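Structure, as structure tokens:
Chains as they are written, first to last, in the numbering used here: chain F, 1366 to 1479; chain Y, 487 to 599.
Given below as structure tokens:
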């Protein structure tokens, strides 16, 4: 298995532009997570999907952020409009919830908003 | 409030030496505790997962301990190698939902020749 695949690896965009991050979870995993990592705050959960349904989006900073999971093999995180304070590394992770099962993280997308 | 505190914040050791990283948590209810290794520019990779009934778990040169009574865990690295240079993150599962993870800020370990 290729693991959790995220794209792009790096994204530089101007303030106000729309940014879309993509994630392909591990086949067979029923849960998908989007996290944001910054030096100041560490890793923070943005949203959690179970069986493609958003279960907990309380970590989504504001309405500028939205996430979708149209099927079991694909998810997107969109920021519109982007702001400099959104600059961070965004990780997608997948898991098989229900057991003490490890979460597998992707390599992340480093977003820089200038 | 659920919290995970790690110490030290950073650590520099000589190649071949041992080291121990600490993790204290106040997550309730508790499900399990995980240690992750995060190389620069990469996502975290799981090293160990322990439930409340497990006191110790090893993964090669990495040995994690858990004291559920005092809510403390440690990660011991034996005979360190240059490739051990990374951030080590303590993560506790539990809280309101089984998917809830509380992350520590990590310990940045540098192994020098």
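Glycine residues also receive a C-beta, built at the ideal position from the N, C-alpha and C atoms.
Quick caveat, the model's predicted, so the values are computed rather than measured.
How close, in whole Å, do the beta carbons of residue i and residue j come, if the pair is a contact with beta carbons under 8 angstroms?
i, j, result
"residue 513(Y)", "residue 590(Y)", "With a Cβ gap of about 11 angstroms, residue 513(Y) and residue 590(Y) do not count as contacting."
"residue 1443(F)", "residue 1431(F)", "5 angstroms"
"residue 1459(F)", "residue 1397(F)", "5 angstroms"
"residue 1476(F)", "residue 1384(F)", "6 angstroms"
"residue 475(Y)", "residue 507(Y)", "This structure does not reach residue 475(Y), given that chain Y is present from 487 up to 599, and the question cannot be answered."
"residue 1409(F)", "residue 1424(F)", "6 angstroms"
"residue 1402(F)", "residue 1472(F)", "With 8 angstroms as the limit, residue 1402(F) and residue 1472(F) do not qualify as a contact, their Cβ atoms being about 12 angstroms apart."
"residue 1386(F)", "residue 1469(F)", "Contact flag wrong, Cβ pair sits at about 17 angstroms."
Would you kindly report the start and end of the unbroken beta strand (DSSP E) that includes residue i?
i, result
"residue 516(Y)", "516-524"
"residue 496(Y)", "496-500"
"residue 489(Y)", "From DSSP, residue 489(Y) is part of no beta strand (DSSP E); its letter is neither H nor E."
"residue 1432(F)", "1430-1436"
"residue 1456(F)", "1453-1460"
"residue 1377(F)", "1375-1378"
"residue 1390(F)", "First-last for residue 1390(F): undefined, no H or E at that position."
"residue 511(Y)", "505-511"
"residue 1443(F)", "1439-1444"
"residue 1371(F)", "1370-1372"
Here's the rule I'm using: 16 or more other beta-carbon atoms within 10 Å means buried, otherwise exposed. How should residue i be labelled?
i, result
"residue 1464(F)", "In this prediction, residue 1464(F) has a pLDDT of 48, which is less than 50 and means its spatial position is unreliable; what the coordinates show is noted afterwards. Under this definition residue 1464(F) is an exposed residue."
"residue 1375(F)", "exposed"
"residue 1393(F)", "exposed"
"residue 1359(F)", "Residue 1359(F) cannot be examined here, being either before or after the span of chain F that is shown, 1366 to 1479."
"residue 496(Y)", "exposed"
"residue 502(Y)", "exposed"
"residue 520(Y)", "buried"
"residue 504(Y)", "exposed"
"residue 526(Y)", "exposed"
"residue 593(Y)", "buried"
"residue 535(Y)", "buried"
If you run the structure through DSSP and keep just helix, strand and coil, what is residue i?
i, result
"residue 1449(F)", "helix"
"residue 553(Y)", "strand"
"residue 569(Y)", "helix"
"residue 1409(F)", "strand"
"residue 562(Y)", "strand"
"residue 529(Y)", "coil"
"residue 1475(F)", "strand"
"residue 548(Y)", "strand"
"residue 539(Y)", "coil"
"residue 574(Y)", "strand"
Measuring only from the beta carbon, is residue i closer than 7 angstroms to any heavy atom that is part of the ligand ATP?
i, result
"residue 1375(F)", "With respect to the ligand ATP, the structure offers nothing, as it holds no ligand at all."
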